[in-house]
Each structure stands twice: as structure tokens, then as C-alpha cells.
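K.L.:
Before we start, here is the structure in question, set down as C-alpha cells.
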Amino acid sequence: MACDSLAVLPSATVDGLGGMYGKNADRSRTEAQPIAVHPRATHPPGSTITLDTGLVIPQVNETWAHAGSRPNWANSYGGYSEGVNEWGVGIGNEHFPSRALPTDHGKAPQAEFTDLDRLVLERSRTAAEAVQVLTSLISQYGQTCRTCPPLAN
């Protein structure tokens, strides 16, 4: 069980075509992945987000417009399997086993991989910024697939 992704940078495409991204996922054939679209938004100071695992994290003041493929089992906040934002930053998840944070031995709520995808799109304007956002979130909150259905692991 794994996923495969392919990214083509604009410099490797025909003039004017732009970059491309494609992904397949080895998931259940009954798992729907409706496309969700969210406009750029501003949020009041002190706002929070509750993720699938019950983890509550601070919301940023402004989130970028984004669209993504949202697994039908995700919560109302709705993380993505893959997506892109208004700045052309794209992300998709791959199966890569991870470990619990050493401080809690996996008992505290952590961020779902799908929620991390959406958070990166909401908070990043460049690929470098996306890497920084993703590594910062995982360092702070860990990552899991605790609430995923068995075939999503």
C-alpha cells in the first residue's frame, strides 16, 4: 500500500503550460474524495482550529485560497489528500510511517496527515515556506493517521 506522486516544474513544460502535479492513492474504491474549495479568509485574533484527532491549534490571521481532494471520512475542518493554493503551492501525502512524539508516547492528539496538507496550503506562498510550515507543525504536534479508516493507513 502506497501512493505515487509526480510533479513537473514549469521549466520542464512547453512554454506557457505551467507546472503539473499528479497523484494516485491506494485507497478503498468506496472512498469518495470530493473537491473542496475555500477562498482567502481572515480570522479574528485568538481563533483556533479543531482537527480530526481533537487537537486544537491556533489559526493564523490570514489563510490563502486553496482547493483540495478531501477524503469523505475527514471532519468538518476537512483536510486534503492533495491540493493546491492560490500561489501555486501544491501538496500531496504519501505513506511514510512515523513515530509518536517522544514526550507523550503517542497518547496526546496529533495532527492527521490530511490536516497537515490543508494547513500547509492555507499558510504557504512558496515551496520553501511550505517545507518550513510542515516541519514546524509536525515538530510541534506530531503526525498520525489515528482516525483514518484502515485502508487509508
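Counting with this note's numbering, you get residues 34 to 186 for the letters of the sequence shown. Quick reminder that beta carbons are idealized off the backbone N, C-alpha and C, glycines included.
Please go through the same chain and pick out, in chain order, the residues whose beta-carbon is closer than 6 Å to the beta-carbon of Ala-161, but skip the five residues on each side of it.
P.N.:
In the sequence shown, residue 161 corresponds to position 128, counting from 1. Closer than 6 Å at Cβ, skipping near neighbours: no residue.
K.L.:
Starting from Glu-162, trace the alpha helix (DSSP H) in both directions and tell me its first and last residue.
P.N.:
Mapped onto the sequence shown, residue 162 falls at position 129. 160-174 is the span of the alpha helix (DSSP H), which, as asked, contains Glu-162.
K.L.:
Please decide whether Glu-145 counts as near chain D, where near means a Cβ-Cβ distance under 8 Å.
P.N.:
Here chain D cannot be found, since the structure has a single protein chain.
K.L.:
Please report how far the alpha carbon of Arg-151 lies from the alpha carbon of Gly-55, in whole angstroms.
P.N.:
As a working mapping, residue 151 is identified with position 118 in the sequence shown. As a working mapping, residue 55 is identified with position 22 in the sequence shown. Between Arg-151 and Gly-55, the C-alpha separation is close to 17 Å.
K.L.:
Taking three-plus beta-carbon pairs below 8 Å as touching, is the segment 60-73 in contact with the segment 37-52?
P.N.:
They do not touch, by the three-pair rule.
K.L.:
From the DSSP secondary-structure annotation, give me the bridge partner or partners of Thr-86.
P.N.:
Sequence index remark: in the sequence shown, residue 86 carries index 53 (1-based). DSSP output for Thr-86 lists no bridge partner at all.
K.L.:
Nearest-angstrom Cα distance between Trp-106 and Gln-66?
P.N.:
In the sequence shown, the residue the question calls residue 106 occupies position 73. In the sequence shown, the residue the question calls residue 66 occupies position 33. Whole-angstrom Cα-Cα distance: 9 Å.
K.L.:
Under 8 Å, do Asp-148 and Gly-116 count as touching if we go by C-beta distance?
P.N.:
Here the question's residue 148 lines up with position 115 in the sequence shown. Here the question's residue 116 lines up with position 83 in the sequence shown. Taking 8 Å as the Cβ cut-off, Asp-148 and Gly-116 do not qualify as a contacting pair.
K.L.:
Should Pro-104 be labelled buried (16 or more other beta-carbon atoms within 10 Å of its own) or exposed?
P.N.:
The residue given as residue 104 occupies position 71 in the sequence shown. Looking at its Cβ environment, which holds 16 or more other Cβ atoms inside 10 Å, Pro-104 is buried.
K.L.:
With 16 as the cutoff for other CB atoms within 10 Å, does Glu-196 come out buried or exposed?
P.N.:
The chain is shown from 34 up to 186; residue 196 falls before or after that span and cannot be answered.
K.L.:
With a threshold of 16 other CB atoms inside 10 Å of the CB of Ile-68, please say whether the residue is buried or exposed.
P.N.:
The residue you call residue 68 lines up with position 35 of the sequence shown. So Ile-68 counts as exposed.
K.L.:
Please name the residue or residues paired with Ser-102 in a DSSP beta bridge.
P.N.:
Your numbering for residue 102 matches position 69 in the sequence shown. DSSP, once it has assigned bridges, lists Ile-68, Glu-115 as partnering Ser-102.
K.L.:
For Thr-86, count neighbouring C-beta atoms within 10 Å of its own C-beta (all shown protein chains included) and say buried if the count is 16 or more, exposed if not.
P.N.:
For the purposes of this step, residue 86 is taken as residue 53 along the sequence shown, with counting starting at 1. So Thr-86 counts as buried.
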